[in-house]
Each structure stands twice: as C-alpha cells, then as structure tokens.
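>
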Amino acid sequence: MSEHIIDSSEPYHPEKLDKKEYVGAAAYFEMDLRTGVILEAEDFPEMRKPSYKIHVDFGPVMVSCGAQPKSPTTREHN
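In the working numbering, the protein residues as written are 1 to 78.
1) Using a Cβ-Cβ cut-off of 6 Å (strictly less than) and excluding sequence neighbours within five positions of E40, which residues of its own chain qualify?
2) Which residues in the same chain as K49 place their Cβ atom closer than 8 Å to its Cβ, once the five residues preceding and following it in sequence are excluded?
3) Tell me the rounded alpha-carbon separation between E21 and R34.
4) Roughly how many whole angstroms lie between the Cα atoms of D43 and S64?
5) Judging by CA-CA distance, which residue of Y28, V61 and G66 is the nearest neighbour of G36?
6) Can you grab the Cα-Cα spacing for the pair M1 / K53, in whole Å?
7) Measuring straight from C-alpha to C-alpha, what distance separates E46 and I38?
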C-alpha cells in the first residue's frame, strides 16, 4: 500500500492553512454529516473544463451532481 506524504511546499500543507474556529461537541452533533456510495461517475463533456457527473447513493436519497477536479487532470485512465 502506498503512503501519503505531505509535501510542505504544497499549498494544502496543514501548517499553511488557517485554523478554523473550534466547534464544540454540541454543535458537532447538530451537524448533518452523511456518507454515501458513488454509484457512477461519467464524463460531463458539455462543461468547458474537465468535469464529471457523479451519482451518489445516500441511502434514502440518491443525489446526482457535477464535480470538477481542482488539480490539472487528463481524461486518460490507466
């Protein structure tokens, strides 16, 4: 299994990010956090930049949305 190594020169390095305000347990348990299963991801060629249509199953609800990668990508897959 490969290991994820954080490069301190990258903008997402934890020490370079602003810390968010502490939420507290009560506010945390009031949040609506959900996990889902990605059922399908397909190219979204109508979009100007490389994007995908994502279909996610959240149990009682199925959601379809668009997603655009934040980093440079190609549409080639190995």
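Where is the CB? At the ideal position from N, CA and C, for every residue including glycine.
Keep in mind the model is a prediction, meaning the values are calculated, not measured.
Working from what's here:
1) Numbered from 1 along the sequence shown, position 40 holds the residue referred to as residue 40. For E40, same chain residues with a beta-carbon under 6 Å away, outside a window of 5 residues either side, are H55 in chain order.
2) The sequence position of residue 49 within the sequence shown is 49, counting from 1. Q68.
3) As a working note, residue 21 is residue 21 in the sequence shown. As a working note, residue 34 is residue 34 in the sequence shown. Those two C-alpha atoms are separated by around 22 Å.
4) By one-based count along the sequence shown, residue 43 stands at place 43. By one-based count along the sequence shown, residue 64 stands at place 64. When rounded, the distance between both Cα atoms is 13 Å.
5) As a first step, residue 36 must be located in the sequence shown, where it is residue number 36. Selected option, being the one with the closest Cα: V61.
6) Here residue 1 refers to the residue found at position 1 when the sequence shown is read from its first residue. Here residue 53 refers to the residue found at position 53 when the sequence shown is read from its first residue. At M1, the pLDDT of 49 sits below 50, so the modelled position is not reliable; the number obtained from the coordinates is stated separately. Spanning the two alpha carbons is a distance of roughly 29 Å.
7) Here residue 46 corresponds to residue number 46 of the sequence shown, with the count starting at 1. Here residue 38 corresponds to residue number 38 of the sequence shown, with the count starting at 1. The alpha-carbon atoms of E46 and I38 are separated by roughly 21 Å.
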